[in-house]
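Undergrad: Got a structure for you, written out below as structure tokens; questions coming shortly.
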Amino acid sequence: MRLDSDMVLIGTGLAPLVAAQILLRQGKTVLLLNPEYDFFGENSEFSFDPFFPWAGRETAMRLRDSESDAVLREIQPEFPGSIEVWPGAPAGFRDPLAPFLRVRNRLIVGRKEDESWAGREEVALHAMEKGARAQSFEGWDALKGFPGVATAKIVDPDRYRGIVIPKLADVDAVRFRNGVREFVRERLGEDRLVVGAAPIEFTTEGVRFRKQGKPVNVRVAEGVLTFWTPKLTTWILSLAARHEVKPSLPKGIRLWEEWSLLSKDPVDPSSIGMIDDLVCWAEGEGDPIETDGKRLGVLKPGPLHPISDRSETFRAWENEVVSGDSFEKISNLCDDVLRWGRFTLRSLKVRQTFEWEGHYPSFILFREKFESRVVTGSEGFVADVVRTARIAATRFVEDVRP
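For the numbering used here, count along the sequence shown from 1 and bump the result up by 10.
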């Protein structure tokens, strides 16, 4: 069976799947190549924006982009089904298996002795200038909505202060991307959604890859879009060097630790809490009220590795981030803030995203019989990934239209 196509999409994760949907709606024949066997093994999409670092006017802009109405407008057109909103109207039909967009407050908490608090207030003021709502609290009112906090055990509430920014979005990322993948699989068929397609090479006519050990050559009529995520960095930079292209590079690859802790009591799902450089939330898929509610997620930023370090093994990076310092930080969170006394670790994952200085332009790898582009911004907050994929696909169609 020939796989010649108008468009070939290369990448892992959500971005190439969203782009495939858009190109199919435009009447294009599409081939999607994933060098990984697990489509979401890289796991580079976040359910919410961690707002790291919390500084400057750019963060204020991202706060507005994370408002629930804006995020729903962004993701709903690219999901082949309903998206439930929590909390929603108690009456009426709700699909319990659909992805949920959870409307949660973002609660930023700090200690009164923290010198960094002025910077956090500055971001909130910038966000208010752009139309966001923010409210300040002190003492007990600042702590009582923090996810996982044992309110009955708080003995020093006057030590804390907080800022609440209401109605920001948290997307059910696992259900959302699984739903998009299955829809694209049905539309493309197993032959045109290829996993484990490695190595992938460009030819004068299109692309060549190996499928189940056998070489496959594909002619490309219009173009190739490659969605750049951390796992593809070495390959993409080698292609750029071969074609004498010097792309703008990110500052580095940020490692993240995602801790899942078990709580004795249900975790308040109404807010996502931030303290120091940690982000805390009630974990779970679907409607938080319908789960047991006793899982606390904690996201902690790890070191930033320059792109030049990409030759190091990811296993070495894992050993670097999961350290005694990490356990000490989580212990301090559970002891000093949440007042748990001790914690039970359910799971721990290490994730990667790029960190850019300002804008991160996509770039053209080459223009010959067809055009090959590399798309940046293909990881991070789900809504941002959807926007990136939509812009990349629609711009390509507009640029090549006769």
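Every residue, glycine too, gets a C-beta built ideally from N, C-alpha and C. None of the values given here were measured: they were computed from a predicted structure.
Excluding five sequence neighbours on each side, which residues of the same chain lie with their C-beta closer than 8 Å to the C-beta of T413?
TA: Residue numbering for the chain in the displayed model covers 11 to 412; residue 413 lies beyond these limits and cannot be assessed.
Undergrad: Within 10 angstroms of the Cβ of V165, are there 16 or more other Cβ atoms? Answer buried if so, exposed if not.
TA: Flag for V165 reads exposed.
Undergrad: For G158, which residues in the same chain have their Cβ closer than 7 Å to its Cβ, ignoring the five residues on either side in sequence?
TA: Taken in chain order, the residues that qualify are S273, V277, C290, L306, L348.
Undergrad: Quick one: what's L271 bridged to in DSSP?
TA: Note: L271 sits in a beta bridge opposite L306, L355.
Undergrad: Under 8 Å, with one C-beta from each stretch per pair, do the region 339-359 and the region 16-30 reach the 3-pair mark?
TA: No, they do not touch.
Undergrad: Could you work out which residue in R400, R361, V392 is closest to V332 when comparing CA atoms only?
TA: That would be R361, whose Cα lies nearest to the Cα of V332.
Undergrad: If you run the structure through DSSP and keep just helix, strand and coil, what is P240?
TA: If DSSP states are grouped into helix, strand and coil, P240 belongs with the helices.
Undergrad: Residues bridged to Y170 by DSSP?
TA: R121, per the DSSP bridge assignment.
Undergrad: State the beta-bridge partners of N115 as determined by DSSP.
TA: Answer is S281.
Undergrad: Flag this pair as touching only if the region 245-262 and the region 55-65 have three or more C-beta atom pairs under 8 Å; answer yes or no.
TA: Segments in contact, no.
Undergrad: Assuming S382 is part of the beta strand (DSSP E), what are its boundary residues?
TA: Unbroken beta strand (DSSP E) run through S382: 381-385.
Undergrad: How should S126 be labelled, buried or exposed, when 16 other C-beta atoms within 10 angstroms of its C-beta is the threshold for buried?
TA: Result: exposed.
Undergrad: Please specify which runs of the alpha helix (DSSP H), each continuous and at least 4 residues long, are wholly inside the region 34-85, giving them in chain order.
TA: The qualifying runs are 66-75, 78-85.
Undergrad: Would DSSP call R377 helix, strand or coil?
TA: Strand at R377.
Undergrad: Taking the C-alpha atoms as reference points, what is the distance between A437 and F61?
TA: Given a span of 11 to 412 for the chain in the structure shown, any question on residue 437 remains unanswerable.
Undergrad: Is the beta carbon of T404 closer than 8 Å to that of I85?
TA: No, the Cβ-Cβ distance between I85 and T404 is not below 8 Å.
Undergrad: Quick one: Cα of G23 to Cα of K163, how far?
TA: Roughly 42 Å separates the two Cα atoms.
Undergrad: In whole angstroms, what separates the C-alpha of V396 from that of G390?
TA: Using only the alpha carbons, I get a separation of about 10 Å.
Undergrad: I need the straight-line Cα distance from K177 to A399, nearest angstrom please.
TA: Each residue's alpha carbon lies about 25 Å from the other.
Undergrad: Which term fits I299, buried or exposed, when burial requires 16 or more other beta carbons within 10 angstroms of its beta carbon?
TA: Label assigned to I299: exposed.
Undergrad: Identify every run of the alpha helix (DSSP H) within the region 164-215, keeping only runs that are complete inside it and at least 4 residues long; order them along the chain.
TA: Fully enclosed alpha helix (DSSP H) runs of 4 or longer: 183-198.
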